[in-house]
Amino acid sequence: MNFRQYFRVLREGWALVVTALLVGLSAAAGITLLSDKQYAADVTLFVSAQSTGSGLDDAYHGILLSQQKVQSYVELMNSERVRQDAVRASGLNLTPDYLEGKITTEAKTDTVVLTVKVRDESPERARILTDAVVYSFIRLVGDLERTEVSPTNPGGTPSVLARVVAPAERPIDPVSPRPLLNLILGASLGLVAGYGAALLRHILDTTIKSGESLQEVTGTPVLGSVAFDEGFPSRPLILHEDPKSPGSEAFRRLRTNLQFADLDQPCKTVLLTSAVPGEGKSTTLCNLAITLAQSGKRVAVVDADLRQPRIDDYFGIEGGIGLTNVLLGELELDTVLQPWGGHLFDVIGSGPLPPNPSELLGGQHMAAVLAELARRYDIVLIDSPPLLPVADAAALASQTDGVLLVVRYGKTSRRQVTDAMAALTAVPARVLGTVLTMVPEVGKRSDYYPYYEDSPRLEDVVRNIPPADVKQVAPVPSRPADQADGGPDR
């Protein structure tokens, strides 16, 4: 993984990282508040070996011996005998076990210096116990290192001496807990745990969560990225309801990218489909139709989802008649064309739901209908069922000039996208690109789209469309004469 991928993990899992950070800080604060304060008093000892002579060699050997003894004394400091003598000498009503784990001894490398620390909840008791431990240790060293008794020296002479450089002082500030250090450690552990969890989730999560990964899977460009909008379920026609929103601008960008997707082979009929249900293909199609019509294109929308049609609900048209009636030869094409948005564009509903949608959509009648619509309009947008559950979209894809595959952020898996592309390739179909929907929005609309505050609403655009020449739309008598851009050229 490169830096951009790691940053993408952070961007996708920021909520998890922040949660773990807060948990780490809370745990650190709780431990700090609940922990008893500990004080430490310390004493420094100087260890020296008695020299048997006055030469330089004797002095050098004495220093080496002292250094060796210092390392041994680290273990000796916490011995049972030292603890017993220290408790007795302190005059405190304690047991030797009380000092277990409270004594810390440190020997500095290549020196003859020992540092002894004793920790306790009471600063005064820490001072008393430190002095008691040190003097008990000095007595023990004197007994262990005493030379042999002689007539002239009946008590013997210690070969090694441990001297106190300075007695213990009463500590003022506690050595633990340390609030700042605890909070830093808690925050660090929280960040590491949170990012680790986010990274693990990213590795295990096979859904599409970026345009880069979508392009990598499909091998086709991402023509549009539509941000999540809580109002989509209640107002799917976002371009009509809120033309100044970031979502509306996203559909305008999609329109521009679609128009320049392949200049060598312009598309007249475009199929919008998805791998699985609920990815926003119908919403994308409706808004794309509006923005194409606003740009001056002659647009026709065909609801070829003969299983769960949505277009009639979104546009508020009559869904009882439509494509099915034309394919069965019951009605003429002109009869089922329904104008929308003040004759901004025409819509063909699904009509009655047939028992055999795949056969109807893959037959010659459907090809003839698409050819006729392509002759009359600049672009024809076709809605279809998802690719993986049923074969309708695949049967229809080969009859269109191009396909837009709609993929939902965080829901559609890489495997589903791969299978959908395989189904389109097998037909074969010409995939123009993909559209990534429901992308988490970053930033506020006012930060990125201030120049749309004065943009005209759809009603103003429709009101200013010039009337069309009736003679030019003779093949479609059901269409009113006031067509945009002077009506279709026959």
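Counting in numbering that gives the first Met the number 0, the sequence shown runs from 0 upward without gaps.
All residues carry an ideal CB built from backbone N, CA and C; glycine is no exception.
Between the region 208-218 and the region 294-302, the count of C-beta pairs closer than 8 Å stays below three; the two stretches do not touch. For K280, the enclosing alpha helix (DSSP H) starts and ends at 280-293. In the DSSP assignment, the residues bridged to A161 are V46. The straight-line gap separating the alpha-carbon atoms of S187 and V16 is approximately 11 Å. Per DSSP, the beta-bridge partners of T436 are R407.
For F344, the three-state secondary structure derived from DSSP is strand.
The shortest C-alpha to C-alpha distance from K116 to any of D109, G100, T108, T110 is the one to G100. For K116, the three-state secondary structure derived from DSSP is strand. Going by C-alpha positions, S25 is about 11 Å away from I183.
A88 and Q67 have their C-alpha atoms some 28 Å from each other. Residue burial is scored here from C-beta neighbours: M76 has at least 16 other C-beta atoms within 10 angstroms and is therefore classed as buried.
Listed in chain order, the beta strand (DSSP E) runs fully inside the region 306-384 are 337-339, 344-347, 378-382, counting runs of at least 3 residues.
For E105, there is no enclosing alpha helix (DSSP H); the residue is found in the beta strand (DSSP E) stretching over 102-106. A straight-line Cα-Cα distance of about 6 Å links G318 and S349. Apart from the 5 residues on each side of it in sequence, L222 sits with its Cβ closer than 8 Å to the Cβ of L253, N256, L257, A260, L403, L431, G432, T433, V434 in its chain, given in chain order. Out of V225, D130, F314, I347, the CA that lies nearest to the CA of L330 is found in I347. In the three-state scheme derived from DSSP, where H, G and I count as helix and E and B as strand, S71 is classed as helix. E278 sits buried, since 16 or more C-beta atoms from the chains shown fall within 10 Å of its C-beta. When secondary structure is reduced to three states using DSSP, L270 falls in the strand class. K208 sits buried, since 16 or more C-beta atoms from the chains shown fall within 10 Å of its C-beta.
One alpha carbon belongs to A40, the other to G29, and they sit about 26 Å apart. Here L9 carries a helix assignment [DSSP, helix/strand/coil].
Distances from the alpha-carbon of L326 to those of D377, V163, W339, L305 put L305 closest. Setting aside the 5 residues that flank it on each side, I310 is surrounded in the same chain by D302, D382, each with a C-beta closer than 6 Å to its C-beta; the list follows chain order. Going by DSSP, D391 is part of the alpha helix (DSSP H) stretching over 391-396. Counting only residues of its own chain and dropping the five nearest sequence neighbours on each side, T268 has a CB closer than 6 Å to the CB of L369, A373, V379, T399, D400. Of all alpha-carbon atoms in L322, T282, D35, the one lying nearest the alpha-carbon of V335 is that of L322. Residues Y408, M437, V438, P439, E440 of the same chain have their beta carbon placed closer than 8 Å to that of F227, with the five preceding and five following residues left out of the count.
Under the criterion of beta carbons closer than 8 Å, L284 and V300 qualify as touching, at roughly 7 Å.
Secondary structure at V298: strand, using DSSP grouped into helix, strand and coil.
When only Cα atoms are considered, L360 and P427 end up about 16 Å apart. Short of 6 Å from the beta carbon of P122, and not among the five residues preceding or following it, lie these beta carbons of its own chain, in chain order: Y38, R169, P170. Linking A394 to L20 through their CA atoms gives a straight-line distance of about 52 Å. Beta-carbon to beta-carbon, L128 and L98 are separated by about 7 Å, close enough to satisfy the 8 Å threshold.
Between L213 and N286 the beta-carbon gap is near 19 Å, outside 8 Å, which marks them as no contact. In the three-state scheme derived from DSSP, where H, G and I count as helix and E and B as strand, L33 is classed as helix.
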